[in-house]
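K.L.:
Here it is: the structure, laid out below.
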Amino acid sequence: MKLTAADIAKLAEGDIAGDAARHISGAAPLEKAGPSDLAFVADAAMLVHAPASKAGCLLAPRGTEGLFKDFPGTLVFTKNPKYAFMLALRLVEKEMRPAPGSGVHPSAFVSPSANIGENAHIGPFAVIEAGASVGTGAVVDAQCYIGRNAKVGARSRLYPGVKIMDACEVGIEVIIHAGTVIGSDGYGYISPRGTHEKIPQLGRVIIEDKVEIGANAAIDRAALEATVIGAGTKIDNLVHIAHNVKTGKNCLIIAQAGIAGSTNIGNSVIIAGQAGISDHLTIGDNTVVMGKTGVISSLGPNQIVFGHTARPRLQAMKIEALLSKLPEMHRALSKIKKQLGI
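One point on numbering: in numbering that gives the first Met the number 0, the residue at position 209 of the sequence shown is 208, and numbering is uninterrupted.
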C-alpha cells in the first residue's frame, strides 16, 4: 500500500503536522501501532495514552495540538478522527483484500440464457441459472447459487455459499456474507383437516441498493408479492426476516433478531440483538427496539422500547428494578397480613 500521511490528511480534510511524505502501510489500534501504521484517537480516554503511541501517523481531534509536542510520528488534526480512520481503512482493505479478477471460473455453471455483465466475477462451482443476470463489476464468489430469473446488481458482492433463489432481486452495491439465503420459502401453512398443508410461496425478495447482510441470515420470499429490504439497511448475522415483511431505508437489524410475516418496519429503525417482532405489525420511523425485547403490538415513530412485552424504555427499566425487590416486598406483605389476621 503506497499511502502517505499527506494522502490521509487530504482524505480527512485535516491539518498535518510532521512529515507529510511518511509512508503508511497498515492500520492498528492506538497502543499497538508501529512506525508504518495509521491509528486514531477520538475521545478523552484515548487522549491520555495518545502521546506515548508509536504510530507513524495519528489522526487526532482539532484543538488537541498542544498535547503532542514530543510525538515522533506525523499528526493529522481533523474534525472527526474516527470517521477519517474509517475512510482510510477502505484504502487499506483494497490492498489487503483485493477484488478477484473478472471472468467465469471453468468449474462454474452459467446457463446459456443467463446474462453476465462486463467485469463481473463468477467464482468456482458457482451456479447461474436460466434467465438470471449478474451486473457490471459484481462478484459472485465460490459455490454461490443464482436462481432462475434472479438479478444481482452492479458492483454487488456475494461471499461464498450465498443463495439467491428464483426471481429474487439484489440491488446495486449490495454486500451479502457467506451462507445467507435470499428467497427461501415463507413459513406458510393451513390446517383444514388437522394436518398442516403447505401454502405455495409464489412471491420474491427485493434487496434494494447498498444493503449489507451478514452471514447465515435468511430472508423469506413473499407468498404473492415481495419481501422488501429498504436501501441502506444493514442486517447482522443470523437474522430471520419472514415473508411479506417490508423494511424502510437505513434500518439496523442486529444479530439473532426475528421479524414475523407481513410486518412493516419504518425508516431508520434499530432492532437490537435477539429482539422478536410479531406478525402484521407496523413499527414507526426512528424507533429503537432494544435487545431481547418482544414486540406484540404496533409501535409509533421515535420510541425506545424494552422488555417482554415491549414497553417504553424508562417504564420497563423501573419494572426490572422492582422485580429484584419482590422477595423482600413479599415478606413484608406477609408480615402485615399476619399482623392483621388476614
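Ideal Cβ placement from N, Cα and C applies to all residues, glycine included. Note that the structure is predicted; figures quoted are calculated from it, not measured.
#1: Would you decide whether Gln-200 is buried or exposed? Buried here means 16 or more other CB atoms lie within 10 Å of its CB.
#2: Could you please give the first and the last residue of the uninterrupted alpha helix (DSSP H) stretch that includes Ser-333?
#3: State the DSSP-derived secondary structure class of Gly-275, mapped to helix, strand or coil.
#4: Pick out whichever of Pro-99, Thr-3 and Leu-74 has its Cα sitting closest to the Cα of Leu-345.
#5: By how many angstroms is the C-alpha of Val-294 removed from the C-alpha of Gly-260?
#6: Does the distance between the C-beta of Ser-261 and the nearest non-hydrogen atom of the ligand PLP fall short of 7 angstroms?
#7: Given that a residue counts as buried once 16 or more other Cβ atoms are within 10 Å of its Cβ, and exposed if not, what is Leu-325?
#8: Determine the DSSP secondary structure at Phe-39, reduced to helix, strand or coil.
#9: Arg-89 lies in the beta strand (DSSP E); which residues open and close that run?
#10: Are Gly-247 and Pro-300 touching if we call contact CB-CB under 8 angstroms?
#11: Would you report the Cα separation of Ala-137 and Thr-281, rounded to the nearest angstrom?
#12: Ile-228 and Val-210 look like a contact to me (Cβ under 8 angstroms); what is the Cβ gap, rounded to whole Å?
#13: Rank Ile-253, Asp-284 and Gln-273 by C-alpha distance to the C-alpha of Ser-267 and give the top, closest one.
#14: Here's the rule: buried if 16 or more other CB atoms are within 10 angstroms of the residue's CB, otherwise exposed. What is Met-95?
#15: Using 8 angstroms for Cβ pairs, my map puts Tyr-186 next to Ala-274. What's the rounded Cβ distance?
#16: DSSP puts Ile-295 in a beta bridge; with which residues?
#17: Between the C-alpha atoms of Pro-311 and Ile-253, what's the straight-line distance to the nearest angstrom?
#18: Going by C-alpha to C-alpha distance, which of Phe-124, Ala-131 and Val-103 sits closest to Asn-118?
P.N.:
Once the coordinates are examined:
#1: The count along the sequence shown starts at 1 and reaches residue 200 at position 201. The residue is buried, with at least 16 neighbouring Cβ atoms inside 10 Å.
#2: In the sequence shown, the residue the question calls residue 333 occupies position 334. 325–339 is the extent of the alpha helix (DSSP H) around Ser-333.
#3: In the sequence shown, counting from the first residue as 1, residue 275 sits at position 276. In this structure, Gly-275 counts as strand in the three-state DSSP scheme.
#4: The structure shown does not extend to residue 345, since the chain is modelled only from 0 through 341, so no value can be given for it.
#5: Taking the first residue of the sequence shown as position 1, residue 260 is located at position 261. Taking the first residue of the sequence shown as position 1, residue 294 is located at position 295. Gly-260 and Val-294: Cα-Cα distance of roughly 13 angstroms.
#6: Within the structure as shown, the ligand PLP is missing, as the structure has no ligands at all.
#7: Residue mapping note: residue 325 aligns to position 326 of the sequence shown, counting from 1. Leu-325 is exposed by the Cβ-count criterion.
#8: Locating residue 39 in the sequence shown gives position 40, where the first residue counts as 1. The answer is strand: DSSP assigns Phe-39 an E or B state.
#9: Locating residue 89 in the sequence shown gives position 90, where the first residue counts as 1. Where Arg-89 is concerned, there is no enclosing beta strand (DSSP E), although the alpha helix (DSSP H) it sits in stretches over 80–95.
#10: Here residue 247 refers to the residue found at position 248 when the sequence shown is read from its first residue. Here residue 300 refers to the residue found at position 301 when the sequence shown is read from its first residue. Contact flag unset, no.
#11: Within the sequence shown, residue 137 is the residue found at index 138, counting from 1. Within the sequence shown, residue 281 is the residue found at index 282, counting from 1. Taking the straight line from one Cα to the other gives about 34 angstroms.
#12: Start at 1 with the first residue of the sequence shown, and residue 228 comes out as number 229. Start at 1 with the first residue of the sequence shown, and residue 210 comes out as number 211. 5 angstroms between Cβ atoms; contact.
#13: Residue mapping note: residue 267 aligns to position 268 of the sequence shown, counting from 1. For Ser-267, the nearest C-alpha among the options comes from Asp-284.
#14: Working through the sequence shown from its first residue, we reach residue 95 at position 96. Its Cβ having fewer than 16 others within 10 Å, Met-95 is exposed.
#15: For the purposes of this step, residue 186 is taken as the residue at position 187 of the sequence shown. For the purposes of this step, residue 274 is taken as the residue at position 275 of the sequence shown. Not confirmed; about 18 angstroms, so no contact.
#16: Position 296 of the sequence shown, counted from the start, is the residue given in the question as residue 295. DSSP output for Ile-295 lists no bridge partner at all.
#17: The residue labelled residue 311 in the question sits at position 312 within the sequence shown. The residue labelled residue 253 in the question sits at position 254 within the sequence shown. Near 20 angstroms, if we compare the C-alpha coordinates of Ile-253 and Pro-311.
#18: In the sequence shown, the residue the question calls residue 118 occupies position 119. Ranking the options by Cα distance to Asn-118, first place goes to Val-103.
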